[in-house]
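The sequence shown runs 441 to 1011 under this note's numbering.
Each residue gets a CB set at the ideal place from its N, CA and C atoms; glycine is no exception.
This report refers to the structure that appears directly beneath it.
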Amino acid sequence: MLREQLDVVQSDSWRTPLEAGCIGQYRLIIAASWIRGYSPVMASSRIPLIVAPLRPLTMVIFLGTLFTACARTEAKPENGQVMLQGIVYEDVNSNGVRDEREKGLARVRVSNGRDVIMTDVRGRWHLPAGPDDTIFVIKPRNWISPLDENGLPKFFYVHNPEGSPDGLKYAGVEPTPEDPGPINFPLHRHPESSPFSVILLGDPQSRNLKEVDYLARDVIEPLVGSDAVFGVGLGDLVFDDLNVLPAHNMVVGQTGIPWFNVHGNHDMNFLAEGDAHSDETWQRLYGPPTYSYDWGTAHFIVIDDVVYDGNNSYHGEFTEDVLTFIEADLKEIGKETLVVLFMHIPLSGVRNADALLRLLADRPNVLAITAHYHMQKHEFIDFPEDTGRKEPLHHLINGTACGSWWKGEPDEYGVPHAMMQCGAPNGSMLLNITDFDYSLRFVPAKMDPAQQMHIFLPGSIPAGDATGTEVVANIWAGSSKSAVRMRVDGGDWVPMTRDERPDPYYEMAVMAESMNSNPQALTMSKPRQSPHIWVAPLPAGLETGGHIVEVETTDMFGQIDRGKRIFRITG
């Protein structure tokens, strides 16, 4: 029993110095109390400790006092707010109801989207809530909220006594009680280890049920049975029709893992008058649009950076509430911990991106992941000069599951080729985390996951034109930190030069489509400058006959990939 109590407390001791100190003190009292013959009361994996053995009653009183010193357990209500309260508890029998013998869990964080507090020694929390707030529990390491049949975590309570306003096209939230009484959040034990992998799904963006089927066949079916521990939908789960969301959830849920989702600009109720009520359907299905959770050795923050202006218009911005929550949330996260941010709109499209960068400047291990642009790109963003941070932020603009909005001629199975405007295929990404480090691996749809590039070169080249003919390699997940080289017929390697330009295969597809008088799919969008193209000329002196060019890339994580292209020199 003593060993179990010490292990439970130790499991999260990698957090902040304050929390580590409190936990260290409590571990001492557990050991000392057992030596004196007392069995201390345990309420969670994060109870702060003291240094001397106390009699049981004295110890409980002292622990309650120490909790106040070690953690913020309550926030004050303001005008128009009510005080809500409840308990976070271990749902031992998984019935979703707190039974008499089910203990509260201490030092679990709970938020209203602005304030972040910790439960007390009995698992109790108190938070102010406005008329349209969502209260949610921040998943601790080695615990998880109940999941519905599609893997969606049930970790929130929407407080909305008036319900969603009339006139919204899609169903929002039904009125909730002014005083709902205790709001209890169940958690289940959920051992988590390192390393682990996460599926990243950018913009599935299905217009209708037919496109949900495209998503199922093209992207989701190959992911079933993946070793990933959870998935993240990076926004624009659908394309304006929010009635498609339940079908999307059913398809993605077949992966059999939990799914956390990001609010996108096509996931809004466009008949709302402004931003405040644009996410009513989202709240009903997924909960708060901004929230956070721990998993293993990493901390994840899901951020809503879409502000609806009304009249089908929006812009990218971090609201004051969002920034307040992030600042409060990070106060309890160790400085060395890997923090992963999930948003929809890339930082270049967010008006006050610097405000977020300032909150992250003192953290060495941060990764930002977005989608929205229907292309794949790694950016390395400088922090504001006055922060003193020299190392840039790694920002991945994730490729999209729908590619270019499910456009392009269908394949033999009736699914559009959906090539992204940067020339990369549609697909997903794997985020691999080991302790406080990470790597990324693109998973193309329809293809062998080992294929990470395509090479453009005419299949037949006249001998007089061969010297200097360009080899064009599109390294689908390449970045400015990738090293790319090529060789012909097993000869010497020569470096290739990164050159932003449209992908030639994408240009050819657009041209072919323009000459098709009876297209079978949605018309493709115009090509864009691709950020992951490398070029080099063929060497001089190639003889008539068959040849093979080989391209090798080493990415920023040390992952090596190769591609080949066979061509002929004709007389």
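Continuous alpha helix (DSSP H) stretch holding residue i: start and end
i    : result
M690 : 685–693
G904 : 903–906
L807 : Careful: L807 lies outside any alpha helix (DSSP H), inside the beta strand (DSSP E) at 806–810.
S954 : 944–954
R724 : 720–726
Residue range of the beta strand (DSSP E) that includes residue i
i    : result
Q645 : Premise fails: Q645 is in no beta strand (DSSP E) and is neither H nor E.
K817 : 817–821
L778 : 778–782
L649 : L649 -> not in any beta strand (DSSP E); alpha helix (DSSP H) instead, spanning 649–655.
S879 : 877–884
A913 : 910–915
S551 : 549–551
L833 : 833–837
M558 : 556–558
I895 : 893–896
Sheet register partners of residue i (DSSP bridge)
i    : result
E992 : R925, R1002
Q525 : H566
G756 : V746, V790
I575 : Y597
D734 : H739
W583 : R629
A961 : The partner list for A961 (beta bridge, DSSP) is empty, contrary to what the question assumes.
V975 : V912, T937
G673 : L641, N701
E530 : L627
L871 : V638, L880
Reference residue i; option with closest CA among the options
i    : options                : result
F700 : S718, V691, A841, Y733 : Y733
S970 : R562, Y945, D877, H630 : Y945
P644 : F670, G704, F636, A611 : G704
D761 : A716, H739, G774       : A716
A793 : V746, G774, E776       : V746
K609 : F710, R657, P662       : F710
T874 : E632, G986, W916       : E632
R968 : E947, Y853, G591       : E947
M591 : G612, D606, Y726       : Met is not the amino acid found at residue 591; the sequence shown has Gly there. With distances taken between Cα atoms, G591 lies closest to Y726.
H755 : D769, A738, L778, S788 : S788
L778 : P804, S919, Y731       : P804
D939 : T907, I973, M951, S965 : I973
V550 : E661, D769, H739       : D769
L567 : L781, P617, K516, E819 : K516
Y878 : M926, K921, G621, A738 : A738
P586 : E618, P620, E530, P635 : E530
G904 : G1011, A687, L880      : G1011
For residue j and residue i, believed in contact at Cβ under 8 Å, the rounded distance
i     : j    : result
M887  : P865 : 7 Å
I1009 : T984 : 5 Å
V659  : S868 : 6 Å
Q694  : V664 : 6 Å
N914  : G863 : 5 Å
A611  : I639 : About 28 Å separates the two Cβ atoms, so there is no contact after all.
E953  : E849 : 7 Å
V855  : E910 : About 31 Å separates the two Cβ atoms, so there is no contact after all.
* Would you be able to state if there are at least three C-beta pairs under 8 Å between the region 892–909 and the region 667–678? => no
* Contact between the region 749–756 and the region 599–608: three or more CB pairs below 8 Å? -> In this structure the region 749–756 does not lie against the region 599–608, because fewer than three pairs of beta carbons, one per stretch, are closer than 8 Å.
* Asked: Do three or more CB pairs link the region 711–729 to the region 648–667 at distances below 8 Å?
  -> Taking 8 Å as the limit for Cβ pairs, the verdict is that the region 648–667 does not touch the region 711–729.
* So does the region 522–538 actually touch the region 684–704, counting three or more Cβ pairs closer than 8 Å? -> Flag = no, the region 522–538 and the region 684–704 do not touch.
* **Contact the region 847–861 vs the region 624–643: 3+ CB pairs below 8 Å** => no
* **Any 3 or more C-beta pairs closer than 8 Å across the region 799–817 and the region 840–855** => yes
* To do: Determine, using beta-carbon pairs with one atom in the region 591–598 and one in the region 571–578, whether at least three such pairs fall under 8 Å.
  => yes
* Asked: Should the region 816–835 be called in touch with the region 936–943, which here means at least 3 C-beta pairs below 8 Å?
  -> No contact exists between the region 816–835 and the region 936–943.
* Is there contact here, the region 919–938 with the region 977–996, by at least three beta-carbon pairs under 8 Å? -> yes
* Asked: Does the count of Cβ pairs from the region 949–962 and the region 916–933 closer than 8 Å reach three?
  -> no
* Inter-stretch contact (C-beta, 8 Å, three-pair minimum) for the region 539–547 and the region 556–569 -> yes
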